[in-house]
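Asker: Position one of the sequence shown corresponds to residue 6 (the working numbering), numbered consecutively onward.
To start, I am sharing the structure in question, which I have written as structure tokens.
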Amino acid sequence: MFPLFGISRSLLGFLLATRLALAQSNVTLSACKAIYAEYPSHLALDPLGPLGSETISQDSLYASTNTDYWNEGNSKNRAACAFFPGSAEEVSYAVKVLNNYTNVQYALKSGGHNPNFGFSSVNQGILISFRPNLANTTISTDHSTADVGPGSRWDEALTVLDQYGKAIVGGRLGHVGVGGYILGGGLSFLTSQYGFAADTLVNVECVTANGTIINANRTSNSDIFFAMQGGGNQFGIVTKYTLKTFDIGQVWGGTKVYAGTDHEAILAATAEFTENFTDPKAAIIVTNDFALDDLASLIVMFYFYDGPTPPAGIFDEFDKVTPISSNVSTQSYPSLLTANNAYSLSGFRYQIREGTYPNLPHDNMTAFYDYHYTSFQKQAFAYMAQSLDIQIFSFAIQPLPVALKQSSADAGGNRLGLDAANGDTIFMEYDVSWLNPTCDNLCPGYLETMVNSVKSYQQSTYGGIAPTNYKSGDISWISYNPIFPNDGMYDQQVLQSFGNSTYQQLKTIQQRQDPNGFFSQRQGGFKFST
Ligand SMILES: Cc1cc2nc3c(=O)[nH]c(=O)nc-3n(C[C@H](O)[C@H](O)[C@H](O)COP(=O)(O)OP(=O)(O)OC[C@H]3O[C@@H](n4cnc5c(N)ncnc54)[C@H](O)[C@@H]3O)c2cc1C
């Protein structure tokens, strides 16, 4: 203690901090009130805040918006107010207000599925939620495109389109939001046929950093359009996506659950499926889940075929393994995505991290998968023994065979920098979930350590070996890049992983469009280095 005119320094510090916090919250409240004055039925003030009683009829919408995140940890952030715009004009108005209050932070929320803390949540700032008022889907008169509000979830949008026999390229679990998914590229069961979701964009209606409403497409505001095809949320606020539609009928798919002890056969089949990928209508995700002990290690495989039944031969290697359970059936596309929601467990705190790997020649790949499975499992159990609060560690194998990359290029491509000539790639999505907030600081670090460990093993053991179906490219770069934005952890250099040329282009566009840092400094998301 260092007495200062009778008041201790720590007390003085506390008083100053309190005054600052109050001043800050007064400024934020003024910004909230400015939006409220214009759109009273679309704004909810924090019910526990000083003016909460003014928007009492919106309390439950405020509460669900502030808490409905896939990563429960995001609910720790508490917005001063939530705004539910119903049009681009309303978003534009909010942006103009925010430009008058330059210290107020904000967040953009669509489906709330991005697990990174603060990417779509904000503490004592303004939460702009595109649900429920900007979540409609409509099909064009000739049924060739669909307009989708950023607040929609994939199963909602696809249910609307299914009645016309149409689909758009979108999420593999229906509950994921349209808004963030497309800006991160968007890997779909349909990607091997039609490209990533971002490749199928026709137009993006969005609001710029100064509040102007624009349309961005291949001929108008093409730089912003280019950036939004995988570059994230630093270029504009999307108020409407226009996407190409594709014919869809009954599809075959669902999940099969296998015992973890069958991992060798399943992982060998995965290597085979990726290298000898013959039918772009087929897709899989192989999730390896570790909970509690050996008995609770399971493999959940998501299967998909765009047709009522897959032709013989496609999944033969997997069919040699008997699952513990299966719900695979022929059904409509939206029903499949809704059923897959069973694996989007809510109520947990999550961190994910991405690891990109080359799909190696068969013997190398099965050996690597085997090492990966065993060492990841061992580390998972070790951390679980230390912290009984951890619920599940998992890694999900998402194959990107060259045919998928070629379909993406044929559809116009995106900013991720994938090239069919570079051979077959795997996007690995790593995951840890826990319950108690006390692990919020530790659990993400555990995951990072585990991923770094398997990755450095891969590099030291197999570095320099060309991926299957490789033709050209710098093996040391293409083997581990890009980092898939939709699975990226907050500290990963996602934009940098697109390659220096694309990175510099995106950075130039970002700085030109947003000279005052409206998008880059006042919300979360993957950033450019300064
Ligand atoms: C269970 C689960 C399954 C998944 N499956 C897939 C999959 O199959 N394929 C795939 O590619 N990814 C998948 N993902 C990853 C997912 O696509 C990303 O987490 C994505 O960011 C989620 O989008 P959202 O709109 O739900 O998220 P939100 O958390 O609402 O938003 C995510 C980001 O998008 C920005 N954003 C949201 N709306 C707008 C807007 N209108 N304008 C500008 N920026 C905006 C936000 O600022 C935020 O940074 C999955 C994630 C989960 C949790």
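Each residue gets a CB set at the ideal place from its N, CA and C atoms; glycine is no exception.
All figures in this text were calculated on a predicted structure; none of them were measured in a lab.
1) For TRP159, is the beta carbon positioned less than 6 Å from some heavy atom of ligand 1?
2) Looking at ILE242 and ligand 1, is the gap between the Cβ and the nearest heavy atom below 6 Å?
3) Return yes when the C-beta of ASN238 is under 6 Å from any heavy atom of ligand 1, and no when it is not.
4) To the nearest angstrom, how far is it from the Cα of ALA28 to the Cα of ALA68?
5) Within a Cβ cutoff of 8 Å, which residues of the same chain sit near GLN198, ignoring the five residues on either side of it in sequence?
6) Could you pull out every residue in the same chain whose Cβ sits closer than 6 Å to the Cβ of PHE523, ignoring the five residues on either side in sequence?
7) Going by the C-beta, is LYS114 closer than 6 Å to any heavy atom of ligand 1?
8) Is the CB-CB distance between GLY216 and ILE229 below 7 Å?
9) Quick one: residues in its chain with C-beta nearer than 6 Å to the C-beta of LYS532, no 5 flanking neighbours on either side, listed in chain order?
10) Less than 7 Å between the beta carbons of ASN138 and PHE88, yes or no?
11) For ALA425 and ASP415, what's the separation of their Cα atoms in angstroms?
12) Which stretch, first to last residue, makes up the alpha helix (DSSP H) that contains PRO339?
13) Does at least one heavy atom of ligand 1 sit under 6 Å from the Cβ of PHE122?
14) Between LYS114, VAL212, SER125, which lies nearest to GLU536 when the distance is taken from Cα to Cα?
15) Mind checking whether ILE219 and ALA203 have CB atoms under 7 Å apart?
16) Alpha carbon to alpha carbon, how far is GLY469 from PHE122? Give it in angstroms, no decimals.
17) With distance defined between alpha-carbon atoms, name the residue in GLY529, VAL174, GLU280 nearest to THR150.
18) Can you pull the DSSP bridge partners for PHE295?
19) State yes or no: is the C-beta of ASN448 within less than 7 Å of the C-beta of VAL437?
20) Alpha carbon to alpha carbon, how far is GLY182 from GLN403?
21) For TRP482, list the residues DSSP reports as bridge partners.
22) Verify the contact flag: LEU192, CB atom, against every heavy atom of ligand 1, threshold strictly below 6 Å.
Answerer: Taking the coordinates as given:
1) At a cut-off of 6 Å, the beta-carbon of TRP159 does not count as near ligand 1: no heavy atom of the ligand is closer than that.
2) Distances between the C-beta of ILE242 and the heavy atoms of ligand 1 include at least one below 6 Å.
3) Yes, the beta carbon of ASN238 sits closer than 6 Å to at least one heavy atom of ligand 1.
4) Low confidence applies here, because ALA28 scores a pLDDT of 48, under 50, leaving its location unreliable and the question unanswered by this model.
5) Closer than 8 Å at Cβ, skipping near neighbours: PHE251, PRO285, LYS286, ASP311, SER412.
6) Leaving aside the five residues that flank PHE523 on each side, the residues in its chain whose CB is nearer than 6 Å to its CB run, in chain order, ALA214.
7) Result yes, Cβ under 6 Å from ligand 1.
8) The answer is no: Cβ separation not under 7 Å.
9) Excluding sequence neighbours, LYS532 sits near nothing in its chain.
10) No; because the gap between Cβ atoms is not below 7 Å, this pair is not in contact.
11) If I take the Cα positions, the gap works out to 11 Å.
12) Residues 338-345.
13) No, ligand 1 has no heavy atom inside 6 Å of this Cβ.
14) Coverage of the chain is limited to positions 6 through 535, which leaves residue 536 absent and any answer about it impossible.
15) Against a cut-off of 7 Å, the Cβ pair of ALA203 and ILE219 comes out as no contact.
16) Spanning the two alpha carbons is a distance of roughly 35 Å.
17) Answer by Cα proximity: VAL174.
18) PHE295 pairs with PHE398.
19) Residue identity differs from the one stated: residue 448 is Cys in this sequence, not Asn. Yes, the Cβ-Cβ distance between CYS448 and VAL437 is below 7 Å.
20) Each residue's Cα considered, the two are about 20 Å apart.
21) Bridge pairing for TRP482: absent [DSSP].
22) For ligand 1, at least one heavy atom lies less than 6 Å from the Cβ of LEU192.
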